[in-house]
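Enquirer:
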Amino acid sequence: MLDLLVIGAGLTGLFAAYTAARAGLRVRVIAHGAGATHWHAGTIDLLGYLPNGQDAVANWTQALPELPPAHPYRLLGVDAIAQALDEFQHLAAAAGLPYVRAAGATDLNTSGPQAEPISQRDAPAEQFHDPDLGQNAALVSPVGAARPVYLAPAAQQAGNLEDDRPLLIVGLDGMPDFYPALIAENLQRQGRLARSASLPLNQLTKRRDHSPLQLARLLDRPAAQAHFTEMVVDVAAAGERVGLPAVLGLNDHTRLLKKIHQAFVSRDPNTARSQDGQGSGAAVFELPTLPPSVPGLRLDTALRARLDRLGVRVEIGMEVCGFHAAGRRIEWIETETGSRPLRHTARNYLLATGGILGGGIYADRCGHVKETVFDLPLTAPQTRTQWLRPLFLDRRGHPIFQAGVSVDHRFRPLDQSGGPVYDNLWAAGAILAHTDPIRERSREGIAISTGCAAANAVVRGL
Amino acid sequence: MKRMQTEILVIGGGATGTGVAWDAALRGFRTVLVEKRDLTHGTTGRYHGLLHSGARYVLKDAASAVECISENRILRRTHTHCIEDTSGFFVVVPEDEDDYPDRFAAACRRLDVPCTEIPPPSALRREPLLNPRISRVFELPDAAADSFLATHATAQAARQAGATLLPYHELTRLHLSGGDGNRAVSAATVLDTVSGEELHIDADLVINAAGAWSGQVAALAGVEVKMILGKGVMLATNARLTNTVINRCKMPGDGDILVPIHTVSVIGTTDEQVADPENLSIEQWEVDLMLTEGDKLVPGLSRSRILRAWAGVRPLYQETQPSGEPTPGTDDSLSNDQPAQDSPQSSRDATRALALLNHRQRDGVRGFITITGGKWTTFRLMAESAVDAACEQLGVSRPCRTADTSVPGVEQGHYWLGHRLNEVEDENLQSELVCECELVTRSMLEGAAQRNPTVTLDDLRRDVRLGMGPCQGGFCTYRAVGILHQLRAGNASPAAGEWHVAHMQSPAHHHRAGAAAEPSRAGPAPASSPAPSDESRRRSAAVDPGTNVSQPNLLLRDFLQERWKGVAPILWGQQLRQERLDELIYLSILNADHLPVDDEESPLSSFYRSGSSPASSSL
Numbered sequence: 001m002l003d004l005l006v007i008g009a010g011l012t013g014l015f016a017a018y019t020a021a022r023a024g025l026r027v028r029v030i031a032h033g034a035g036a037t038h039w040h041a042g043t044i045d046l047l048g049y050l051p052n053g054q055d056a057v058a059n060w061t062q063a064l065p066e067l068p069p070a071h072p073y074r075l076l077g078v079d080a081i082a083q084a085l086d087e088f089q090h091l092a093a094a095a096g097l098p099y100v101r102a103a104g105a106t107d108l109n110t111s112g113p114q115a116e117p118i119s120q121r122d123a124p125a126e127q128f129h130d131p132d133l134g135q136n137a138a139l140v141s142p143v144g145a146a147r148p149v150y151l152a153p154a155a156q157q158a159g160n161l162e163d164d165r166p167l168l169i170v171g172l173d174g175m176p177d178f179y180p181a182l183i184a185e186n187l188q189r190q191g192r193l194a195r196s197a198s199l200p201l202n203q204l205t206k207r208r209d210h211s212p213l214q215l216a217r218l219l220d221r222p223a224a225q226a227h228f229t230e231m232v233v234d235v236a237a238a239g240e241r242v243g244l245p246a247v248l249g250l251n252d253h254t255r256l257l258k259k260i261h262q263a264f265v266s267r268d269p270n271t272a273r274s275q276d277g278q279g280s281g282a283a284v285f286e287l288p289t290l291p292p293s294v295p296g297l298r299l300d301t302a303l304r305a306r307l308d309r310l311g312v313r314v315e316i317g318m319e320v321c322g323f324h325a326a327g328r329r330i331e332w333i334e335t336e337t338g339s340r341p342l343r344h345t346a347r348n349y350l351l352a353t354g355g356i357l358g359g360g361i362y363a364d365r366c367g368h369v370k371e372t373v374f375d376l377p378l379t380a381p382q383t384r385t386q387w388l389r390p391l392f393l394d395r396r397g398h399p400i401f402q403a404g405v406s407v408d409h410r411f412r413p414l415d416q417s418g419g420p421v422y423d424n425l426w427a428a429g430a431i432l433a434h435t436d437p438i439r440e441r442s443r444e445g446i447a448i449s450t451g452c453a454a455a456n457a458v459v460r461g462l
Numbered sequence: 001m002k003r004m005q006t007e008i009l010v011i012g013g014g015a016t017g018t019g020v021a022w023d024a025a026l027r028g029f030r031t032v033l034v035e036k037r038d039l040t041h042g043t044t045g046r047y048h049g050l051l052h053s054g055a056r057y058v059l060k061d062a063a064s065a066v067e068c069i070s071e072n073r074i075l076r077r078t079h080t081h082c083i084e085d086t087s088g089f090f091v092v093v094p095e096d097e098d099d100y101p102d103r104f105a106a107a108c109r110r111l112d113v114p115c116t117e118i119p120p121p122s123a124l125r126r127e128p129l130l131n132p133r134i135s136r137v138f139e140l141p142d143a144a145a146d147s148f149l150a151t152h153a154t155a156q157a158a159r160q161a162g163a164t165l166l167p168y169h170e171l172t173r174l175h176l177s178g179g180d181g182n183r184a185v186s187a188a189t190v191l192d193t194v195s196g197e198e199l200h201i202d203a204d205l206v207i208n209a210a211g212a213w214s215g216q217v218a219a220l221a222g223v224e225v226k227m228i229l230g231k232g233v234m235l236a237t238n239a240r241l242t243n244t245v246i247n248r249c250k251m252p253g254d255g256d257i258l259v260p261i262h263t264v265s266v267i268g269t270t271d272e273q274v275a276d277p278e279n280l281s282i283e284q285w286e287v288d289l290m291l292t293e294g295d296k297l298v299p300g301l302s303r304s305r306i307l308r309a310w311a312g313v314r315p316l317y318q319e320t321q322p323s324g325e326p327t328p329g330t331d332d333s334l335s336n337d338q339p340a341q342d343s344p345q346s347s348r349d350a351t352r353a354l355a356l357l358n359h360r361q362r363d364g365v366r367g368f369i370t371i372t373g374g375k376w377t378t379f380r381l382m383a384e385s386a387v388d389a390a391c392e393q394l395g396v397s398r399p400c401r402t403a404d405t406s407v408p409g410v411e412q413g414h415y416w417l418g419h420r421l422n423e424v425e426d427e428n429l430q431s432e433l434v435c436e437c438e439l440v441t442r443s444m445l446e447g448a449a450q451r452n453p454t455v456t457l458d459d460l461r462r463d464v465r466l467g468m469g470p471c472q473g474g475f476c477t478y479r480a481v482g483i484l485h486q487l488r489a490g491n492a493s494p495a496a497g498e499w500h501v502a503h504m505q506s507p508a509h510h511h512r513a514g515a516a517a518e519p520s521r522a523g524p525a526p527a528s529s530p531a532p533s534d535e536s537r538r539r540s541a542a543v544d545p546g547t548n549v550s551q552p553n554l555l556l557r558d559f560l561q562e563r564w565k566g567v568a569p570i571l572w573g574q575q576l577r578q579e580r581l582d583e584l585i586y587l588s589i590l591n592a593d594h595l596p597v598d599d600e601e602s603p604l605s606s607f608y609r610s611g612s613s614p615a616s617s618s619l
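Structure representation (structure tokens):
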């Protein structure tokens with residue numbers, strides 16, 4: 001019998017499955033769809049803005065006390081969050097997709113913690129004396145605003161706006177999801193040295209309309225990489241940081257980044273050394289794009305590859321259509337198939353179906369807000385008139401998007417009386433109440449830290 | 001202050017105003033039109049898109065019915081490409097059965113509205129989603145009309161005939177000359193709302209075609225025109241539920257029309273009397289009413305995904321009350337917020353026939369004519385009556401030519417659902433798709449932005465349907481801002497010149513298809529037009545660097561808010577989820593709420609803020 005059945009294959013579900021499987025549990029993931037990771041920028045945002053806050057959070061460890069007491073981060077505390085992130089960084093590095101502190105020094109060659117045997121780093125005491133712990137960085141957004149980010153894929157790190165080297169934003173002709181001139185102008189308005197350039201693609205492809213995904217597939221080809229490298233090096237001046245849309249390959253972006261980097265170093269060896277003591281020279285980085293997100297896809301692929309190695313099956317296309325509970329225990333759940341419902345039995349169930357965007361919560365015309373799998377009690381605004389505010393960009397966010405499941409410290413959903421609804425049901429991620437992860441820019445932080453915490457609670461309970 | 005001189009000055013850039021400008025220019029008058037915002041910003045851009053056969057009014061308002069059927073026939077010739085020839089069903093649903101259908105059919109015959117009863121099974125074969133319990137079906141020549149396109153085409157025809165059109169010019173004063181008993185409107189002051197400059201326009205005659213704002217314009221001439229403002233709420237579904245216009249065969253009421261417009265269906269409308277044509281709120285009960293009533297036409301409509309809700313204001317007018325009571329001028333009830341149902345002059349009961357107010361006879365003010373009431377369907381006739389009256393005041397006799405003159409683009413034939421896909425595929429993509437929902441390409445967007453003064457992205461929405469599909473601006477807002485930003489720097493793609501907002505298809509495509517050549521057949525060539533039109537051409541030649549386009553971040557914010565205003569009343573279910581994706585894009589990925597802006601507000605930001613009041617001068 002399975003020890004844990006995770007429902008939902010977003011970052012929350014996959015990371016929770018990883019945590020539990022690494023602790024030796026038998027785990028499976030089922031999900032209706034592929035999860036929202038494909039839509040996101042691929043960065044790990046911890047906490048960018050406090051509710052109603054104007055300025056970006058500089059260090060999220062210091063901002064936690066200002067969150068409401070029921071916020072998932074308050075249930076966890078700094079140590080648990082930092083530990084989960086540490087686990088995530090090791091997972092990502094081992095999967096060949098290193099994530100680094102966005103606020104750290106840029107160094108393409110040594111970015112990210114090295115993958116080390118898991119058994120050897122169970123004592124994380126050292127990191128809590130880390131002076132940079134919790135320090136957010138500002139990365140360039142695809143409209144030239146400053147995104148408050150905690151961990152970034154190594155490929156995005158050189159977009160850090162605290163670095164004062166001049167920026168060259170390079171776009172691609174025929175790509176409707178990236179506007180380098182607009183980005184450069186907005187960077188200039190924020191006091192950065194920035195300019196823009198655009199590369200023709202007619203040598204690479206005959207298409208005239210390119211989605212990020214098509215471009216990424218194109219740039220996985222070695223011939224395209226060589227030509228592309230030449231073009232990039234041609235437009236960039238010595239000493240410039242070069243920002244490109246995050247389309248530098250789906251499977252092989254690290255190689256292309258290195259090629260471009262080496263081409264710069266061999267072109268201006270002196271400038272490259274004088275720019276940076278480590279000799280990393282001209283830095284090249286990716287900027288996220290509109291969905292579908294290539295960095296998001298890379299992350300999803302990396303997580304699934306690790307789960308595969310741990311023997312965890314991830315089954316997409318399974319919509320839960322029913323469940324059976326005896327007393328305070330879920331006995332089984334059923335998913336839709338072409339013929340009769342398929343029954344899944346496990347000792348524990350982890351709900352990671354997401355919020356309104358992920359499909360874990362559905363809000364209907366009559367103002368009913370429902371949890372879609374177990375019909376759990378939700379904390380939500382009472383009537384439709386209370387759902388939204390008159391201004392789209394209201395900093396307080398729209399109340400409906402804070403709707404969710406209230407949980408105890410072990411991440412078990414609670415009923416109105418404050419006790420767990422089921423003894424073997426857990427919830428994590430965007431389905432949790434008292435947080436608006438998109439407004440707070442905390443989506444990945446919530447996913448990783450609560451997914452990890454819920455999985456650990458399952459492990460402890462066995 | 002800059003000055004201009006013209007023979008006829010038209011106030012209002014909706015269907016009626018552009019129609020008046022076209023008509024007057026065709027008759028050889030020097031003509032200037034001023035519109036305080038973008039063309040079609042008012043009711044023209046907010047109606048359900050129905051080209052009436054007149055059948056809706058055969059029993060209730062015969063005068064309007066006769067106008068409608070006659071104009072229906074004319075517009076099919078003059079504005080062919082702005083009309084989808086859907087045909088219309090009047091269906092009898094179980095809730096409605098009485099003697100109305102028989103009286104309806106008889107009245108249609110009497111008023112020469114072509115009406116054919118067809119068996120319900122054949123109607124259901126054509127429209128399978130229709131309520132299967134319908135007992136009778138009448139087919140009539142109703143059709144769907146693209147009022148944005150039609151107004152652009154009329155405006156283009158007016159320009160070709162020599163008229164000067166000045167959008168974003170707001171009327172602030174009408175100058176009267178002469179003493180008591182001999183007063184005349186002789187000039188106007190207008191404010192260029194983008195540059196902030198004032199413009200003085202001397203005019204022999206001013207035609208007030210300001211629709212719901214007509215009362216306010218008339219007040220500037222010291223004349224009282226009490227409009228009956230009937231707010232109508234409409235909803236768009238994310239799919240085209242029927243290919244035929246569906247009406248309920250009953251006395252006109254709420255939520256009894258379903259019109260297929262391009263890829264969506266529009267259910268409408270309510271009729272609530274309001275005092276102010278701006279700041280229209282959409283209440284939850286109005287949305288619910290539309291859905292409940294819509295279910296009677298297409299069962300399950302209330303469960304379909306609703307994209308958007310909006311409201312327009314009918315500019316209705318009745319010189320005397322239906323009961324023969326005193327004129328509206330002495331009736332104060334209209335300025336109150338009395339429930340429409342209790343008033344004998346409720347907007348639902350007010351006539352839809354056009355109203356021509358010749359203020360010389362009516363109020364002793366020469367040089368001023370108000371044309372109001374009517375329907376979108378009768379805009380050409382309204383223009384004709386207004387310019388006839390103008391000829392009479394100016395002492396000239398020049399016959400109307402609009403009924404026999406086509407606007408540019410008619411040779412493209414009726415538009416149809418697949419026209420855009422067809423064009424995009426035929427052209428092997430003119431360029432990148434900017435809006436996947438509505439198949440807007442980069443060249444369409446650039447063409448529209450270069451040929452029309454573009455102050456907001458909302459202007460481009462009216463030109464090319466940007467952001468009108470299921471994601472409601474989620475992807476295209478960012479792209480459009482990026483493209484406008486490039487245009488400002490002079491980087492247009494080569495294909496931009498091929499597309500014109502007055503056409504449904506690009507002329508290039510059309511020429512390849514082997515049809516008729518250049519659609520210029522109206523009036524004198526632009527070269528012989530009076531000096532002011534040079535000004536207008538200069539303004540439209542490129543994106544004006546003095547406009548908001550210089551503030552791309554504000555353009556972005558304003559359009560996001562504009563879209564929000566229309567989705568907020570219908571956010572639940574899948575559309576709420578869609579909006580969350582839009583939040584993800586603009587907050588999480590772009591961080592658009594933390595972009596640097598010079599001013600917190602553009603002169604136009606306030607238009608999009610529901611609940612907060614717009615610019616104090618509400619003309």
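Listed in order, the protein sequences are those of chains B and Z.
Sequential numbering from 1 applies to the first sequence in the UniProt record's numbering.
Sequential numbering from 1 applies to the second sequence in the UniProt record's numbering.
A virtual CB, placed ideally from N, CA and C, is assigned to each residue, including glycine.
1) What do you get for Ala340 of chain Z, buried or exposed, if any count of 16 or more other CB atoms within 10 angstroms of its CB means buried?
2) Within 10 angstroms of its Cβ, does Cys366 of chain B collect 16 or more other Cβ (buried), or is it exposed?
3) Quick check on the burial criterion: 16 or more other C-beta atoms within 10 angstroms. Buried or exposed for Lys231 of chain Z?
4) Provide the residue(s) that pair with Pro69 of chain B in DSSP beta bridges, ordered along the chain.
5) Which whole-angstrom value describes the C-beta separation of Leu460 of chain Z and Ala489 of chain Z, a residue pair presumed to lie in contact below a C-beta threshold of 8 Å?
6) Count the other CB atoms within 10 Å of the CB of His419 of chain Z; is the residue buried (16 or more) or exposed (fewer)?
7) Anything in chain Z within Cβ reach of Asp364 of chain B, meaning under 9 Å, just list it in chain order.
8) Measure from the alpha carbon of Thr454 of chain Z to the alpha carbon of each residue in Z:Val194, Z:Ala144, Z:Arg30, then state which is nearest.
9) Helix or strand or just coil, what does DSSP make of Glu334 of chain B?
10) Can you list, in chain order, the residues of its chain whose CB lies under 6 Å from that of His258 of chain B, leaving out five sequence neighbours each side?
11) Return the chain-ordered list of same chain residues with a C-beta closer than 6 Å to the C-beta of Pro552 of chain Z, the five sequence neighbours on each side being excluded.
12) Going by the DSSP bridge assignment, what does Asn348 of chain B pair with across the sheet?
13) In angstroms, rounded to a whole number, what distance separates the CA positions of Ile74 of chain Z and Leu218 of chain B?
14) Could you have a look at His324 of chain B and say whether DSSP puts it in helix, strand or coil?
15) Counting only C-beta atoms, is Tyr179 of chain B closer than 8 Å to chain Z at any point?
16) If you follow the alpha helix (DSSP H) that Thr61 of chain B is part of, which residue opens it and which one closes it?
17) I need the straight-line Cα distance from Gly28 of chain Z to Ala203 of chain Z, nearest angstrom please.
18) Would you identify the three-state DSSP class for Leu50 of chain Z, choosing helix, strand or coil?
19) Give a yes or no on whether 8 Å exceeds the smallest Cβ distance from Ser186 of chain Z to chain B.
20) Give the range of the beta strand (DSSP E) segment to which Leu172 of chain B is assigned.
21) I want to know whether the region 32-41 of chain Z touches the region 78-98 of chain Z - three or more CB-CB distances under 8 Å.
22) Listed from N- to C-terminal order along the chain, which residues in the region 188-210 of chain B have their beta-carbon within a distance smaller than 7 Å of any beta-carbon of chain Z?
23) Within the 8 Å Cβ cut-off, does Gly179 of chain Z reach chain B?
24) I'd like the span of the alpha helix (DSSP H) that includes Cys391 of chain Z, first residue to last.
Expert: The relevant details are as follows:
1) Note that Ala340 of chain Z scores 38 on pLDDT, short of 50, meaning its location in the model is unreliable and no value can be drawn from it.
2) exposed
3) buried
4) The partner list for Pro69 of chain B (beta bridge, DSSP) is empty, contrary to what the question assumes.
5) 18 Å between Cβ atoms; not a contact.
6) buried
7) Trp572, Gly573
8) Z:Val194
9) strand
10) Correcting the residue type first, residue 258 of chain B is Lys in the shown sequence and not His. Nothing meets the Cβ criterion.
11) Val481, His485
12) B:Leu4
13) 54 Å
14) strand
15) yes
16) 60-63
17) 15 Å
18) strand
19) no
20) 167-172
21) no
22) Arg189, Gln190, Arg208, Asp209
23) no
24) 379-394
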